[in-house]
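**Q** Residue numbers (full-length UniProt numbering), protein chains in the order written: chain A, 1 to 384; chain B, 1 to 384.
Structure below; questions to follow.
Protein chains: 2
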Amino acid sequence: MVFVDKYAIREMNETIVLEHIVNQGPLSRAAVANNTHLSKASVSEIVRKLTETNLVHEIGIGDSTTSGGRRPIMLELNKHAGVSLSFDIGYNYIATMLTYLDGEIITEQIIEDKINRETLIDKIENVVIDYQQMIPKTSYGIVGITIAIHGVVYDNSIVFTPYYDLAKLNICEVLGNRLGIPIFIENEANLSAIAEQTYSSNYKNLVSISIHSGIGAGIIIDGELYTGERGFSGEIGHKILFPDGKPCPCGNRGCLEQYCSEKSILEFFTEGNQPTETTIAQLKSAYLTKDPKVTELIDRAAKYLAIGINNVTTAFSPGVIFLKSRLTREIPDFLEKINSNLNSFINEDVELRNSTLGDQATLLGASAVSIRNFLRIKSMKIQR
Amino acid sequence: MVFVDKYAIREMNETIVLEHIVNQGPLSRAAVANNTHLSKASVSEIVRKLTETNLVHEIGIGDSTTSGGRRPIMLELNKHAGVSLSFDIGYNYIATMLTYLDGEIITEQIIEDKINRETLIDKIENVVIDYQQMIPKTSYGIVGITIAIHGVVYDNSIVFTPYYDLAKLNICEVLGNRLGIPIFIENEANLSAIAEQTYSSNYKNLVSISIHSGIGAGIIIDGELYTGERGFSGEIGHKILFPDGKPCPCGNRGCLEQYCSEKSILEFFTEGNQPTETTIAQLKSAYLTKDPKVTELIDRAAKYLAIGINNVTTAFSPGVIFLKSRLTREIPDFLEKINSNLNSFINEDVELRNSTLGDQATLLGASAVSIRNFLRIKSMKIQR
DNA sequence: ATAGTTAGTTCATTGAACGAACTAACAAAG
DNA sequence: CTTTGTTAGTTCGTTCAATGAACTAACTAT
């Protein structure tokens, strides 16, 4: 809060009204007035502006709440007022997703491509221009572009990337100037956390743990993404599991991700060979045949992951922890096994769930970032 | 933000002006207007109210900023407008502290006493009444009472206490009704964190780790105390250091505090005997004589604590971590030894410091809670 | 003494929220 | 079919607080 003038109060109340309509709509003006403690007069005036700008529209007459009385005119977010475009920059692919303002997916696509620092911005620009040709006609067009990075992002700038070299690449400014569209970048695990917050959880405090090559956590605290003083929060793959354990490139020994990242687990399974696309399926079927070595492997991984999760719980005490991992999703009982290793009373009331959004989490979170920015609302909760 | 009416804007601006005067004072009206982007007219009006209510007073004419021009009337928090009373409820003592509104200590005292659930509230009430007799005459008297609890507190209610049985004891309501003074309770480590935030740090994100019988962390995120979905955040003593290590009452095995709480370290030193008041001094002098067993003990403790701290850093990435521990304060090089065990690049830019407030941290933090509530300001930063 | 500058106050104007009174539109009962 | 009671939504004069502009106050340097 930098300062508050007489226009700020109107902005805040517009935000409040819009948040109510987006998150609890369809709602009548009267219902909004009741839920917000704003007067009917104020709500009427604000809704007039929101409908004039096409963000909200009247979807018809609702049922009368009790017997008698005028029936309400229901208001809803005009989800077709614009679209949001999201990118996920993997080390050998670019995934994209186009959604309406409620996160409804219009189209998705994956381009297989080795990421190159020199050409990345041009490539993204071309994809955007292609999309601009084909998107449905809307009032606002593409309202924002959010780009998921597999690395540390702070203050819309790339700090560190382990798999490709994009550090300090000025995507937001360059692309924003060329396209005239607000551009945001954010860490992939953080976007997954925002997706869970938006589409599948009502907790104010939640953590989403992404497990693939490494292990990273996205952290929502009091309804807002938390990234730490310099963007390095949630680097929980580098929690130390074994003092004096395996050396890790980060400088530590015995880091969690040396033992139970997806990559590490698969390498244990293949006994050091390079995992391929089919390795997970093989692991799964070996597990289903009750291969004792594989059972032991999974049991051990569950135990180690539980220790990592215990360490997250003791730090954050969130309402829920989501796991975004192909292994915990594919291997039956994996999640239950992790749970049975969580013995401390501190973990008692913390829900542990597989991500309901799966591979789409990152892009859906990215879309939520663009949309929230465009609508100037802080919270967005949508049932899918 | 529940709703915003036309009075809210004035409240917010009052808060903004008061925060500036408290945190950057003495300031002139003109300086406040510049720093806040409020108009001079608005600042004048708000300051009129703040001086009428005795919260702010004019302390005289300042120097002219440049050459020429009317000299400014300097404004300052009227720190003698009231006093704040703080309690720290140990398992065998009650410590109290009385301060002015800037945290200046008027008097401190410690009552040795085994805590008893049945008599605690009466005992506190009597202490308050005693203080009310002797406190200096002020406009507002005791503006708030904040009570530090060694246990988990959530939403002004005691959830869990390991050393004494105070769970669900309704201190705030009962005492508040009897005394007509706002009562707050909060966890001891959390109050230490608030103290560091108020009196010795400018980071938005900080952690204060209290090490005694157990190990607990107070966490400030984006300038606000974070306690988790149910108050259990910062229970980092129950991070798992050794998978399959020593059993801990919490249900885990190998918890950090089984190896490097003050209690555990002293027990290693006394080889299992009950530590006494003088044990720390003995440990220190043994360390100074370079007793190889003690050196090894400290080296090992430093290594383990570094692992615990690494796990805090990977989770929170704060700007600074404070250690509130008699051992790291007393034993030379202990802090440096911990630091030299922090090898990961993730720890690179995170400051590690001994608490500058020491034993007074908890009570000073408590006083900050009362004062911030009374002044209705969110942030308070005071140079001591 | 004068000119220039900064501090602080006064006042008419303005934006926005509000309550009260109004219109619109309905259901149920007679 | 009319009346009554109720809810939805709009209109309008009032009120509050922020604001810029003009003012006074008080100072320094020349």
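The beta-carbon is built from N, C-alpha and C at its ideal position, and this holds for glycine as well.
As the structure is a computational prediction, the values presented were derived from the model and not from experiment.
1. Could you spell out where the beta strand (DSSP E) holding N170 of chain A opens and where it closes?
2. By how many angstroms is the C-alpha of G25 of chain B removed from the C-alpha of N35 of chain B?
3. If I measure Cβ to Cβ from A367 of chain B and keep anything under 6 Å in the same chain, skipping five residues before and after, which residues do I get?
4. What does T314 of chain B reach in chain A if we use C-beta pairs closer than 7 Å?
5. Would you report the Cα separation of I331 of chain A and K303 of chain A, rounded to the nearest angstrom?
6. Between I181 of chain A and N190 of chain A, what straight-line distance do the alpha-carbon atoms span, to the nearest angstrom?
7. Expressed to the nearest angstrom, what Euclidean distance is found between the alpha-carbon atoms of I111 of chain B and I46 of chain A?
8. Identify each residue in the segment 354-369 of chain A for which the Cβ-Cβ distance to at least one residue of chain B is less than 9 Å, and report them in chain order.
9. So Q109 of chain B is in the alpha helix (DSSP H); what residue range does that whole segment cover?
10. With DSSP as the reference, label P332 of chain B as helix, strand or coil.
11. What residue range does the alpha helix (DSSP H) around V22 of chain B cover?
12. Please confirm whether A361 of chain B and S370 of chain B have their CB atoms less than 8 Å apart.
13. Closest to I171 of chain A by C-alpha separation, out of A:T198, A:E125 and A:I135, would be which residue?
14. Give a yes or no on whether 8 Å exceeds the smallest Cβ distance from R384 of chain B to chain A.
15. Using a Cβ-Cβ cut-off of less than 8 Å, list which residues of the segment 309-337 of chain A approach chain B; keep chain order.
16. So which residues of chain B does G228 of chain A contact, with C-beta pairs closer than 8 Å?
17. Cβ of K79 of chain A within 8 Å of Cβ of L101 of chain A?
18. Does the segment 269-280 of chain A come within contact of the segment 308-321 of chain A, defined as at least 3 CB pairs closer than 8 Å?
19. Would you say F232 of chain B reaches chain A, if we count a Cβ-Cβ gap shorter than 8 Å as a contact?
20. Look up E196 of chain B in the DSSP assignment and give the residues it is bridged to.
21. Scan the segment 247-261 of chain A for residues whose Cβ lies nearer than 7 Å to a Cβ of chain B and list them as they occur along the chain.
22. Could you tell me if M1 of chain B is buried or exposed, where buried requires 16 or more neighbouring beta carbons within 10 angstroms of its beta carbon?
23. Under a three-way DSSP split, which group does F232 of chain B fall into?
24. So, does the segment 338-351 of chain A touch the segment 221-238 of chain B, judging by three or more C-beta pairs under 8 Å?
25. Tell me, to the nearest whole angstrom, how far the beta carbon of S192 of chain A is from that of S210 of chain A; I am working on the premise that it is less than 8 Å.
26. Work out the CA separation of P247 of chain A and S344 of chain B for me, nearest whole Å.
27. Can you tell me where the alpha helix (DSSP H) with M134 of chain A in it begins and where it stops?
28. Does chain B have any CB closer than 8 Å to the CB of N343 of chain A?
29. Buried or exposed for S285 of chain A, going by 16 or more other Cβ atoms inside 10 Å?
30. What does a CB cutoff of less than 8 Å around S28 of chain B pick up in its chain, not counting 5 residues either side in sequence?
31. Return the residues of the segment 26-54 of chain A that lie within a Cβ-Cβ distance of less than 8 Å from chain B, sorted by chain order.
32. Any chance you could list the alpha helix (DSSP H) runs of at least 4 consecutive residues sitting entirely within the segment 230-286 of chain A, in chain order?
33. Under the three-state reduction of DSSP, which class applies to H80 of chain A: helix, strand or coil?
34. One question on the structure: do A33 of chain B and V43 of chain B come within less than 8 Å of each other, judged by their Cβ atoms?
35. Within 10 Å of its beta-carbon, does A41 of chain B have 16 or more other beta-carbons around it, so buried, or fewer, so exposed?
36. Among A:A31, A:L77 and A:G69, whose alpha-carbon lies nearest the alpha-carbon of E52 of chain A?
**A** With the structure as the only source:
1. Taken as a continuous stretch (DSSP letters only), N170 of chain A belongs to no beta strand (DSSP E), as it is neither H nor E.
2. 12 Å
3. Ala is not the amino acid found at residue 367 of chain B; the sequence shown has Ser there. S84, S86, T99 and G103.
4. E235, I236, H238 and K239
5. 15 Å
6. 22 Å
7. 59 Å
8. none
9. Counting along the chain, Q109 of chain B falls outside any alpha helix (DSSP H), though it belongs to the beta strand (DSSP E) covering I105 to E112.
10. coil
11. K6 to Q24
12. no
13. A:E125
14. no
15. N310, N311, V312, T313, T314, A315, F316, S317, P318 and G319
16. N205, F316, S317 and P318
17. yes
18. no
19. yes
20. According to DSSP, which records beta bridges pairwise, E196 of chain B is partnered with nothing at all.
21. C250, G251 and N252
22. With a pLDDT of only 44 at M1 of chain B, under the threshold of 50, the placement of this residue in the model should not be trusted, and no figure is reported.
23. coil
24. yes
25. 6 Å
26. 11 Å
27. L120 to M134
28. yes
29. exposed
30. G62, P72, I73, M74 and L75
31. T36, H37 and L38
32. 257-260 and 262-269
33. helix
34. yes
35. exposed
36. A:L77
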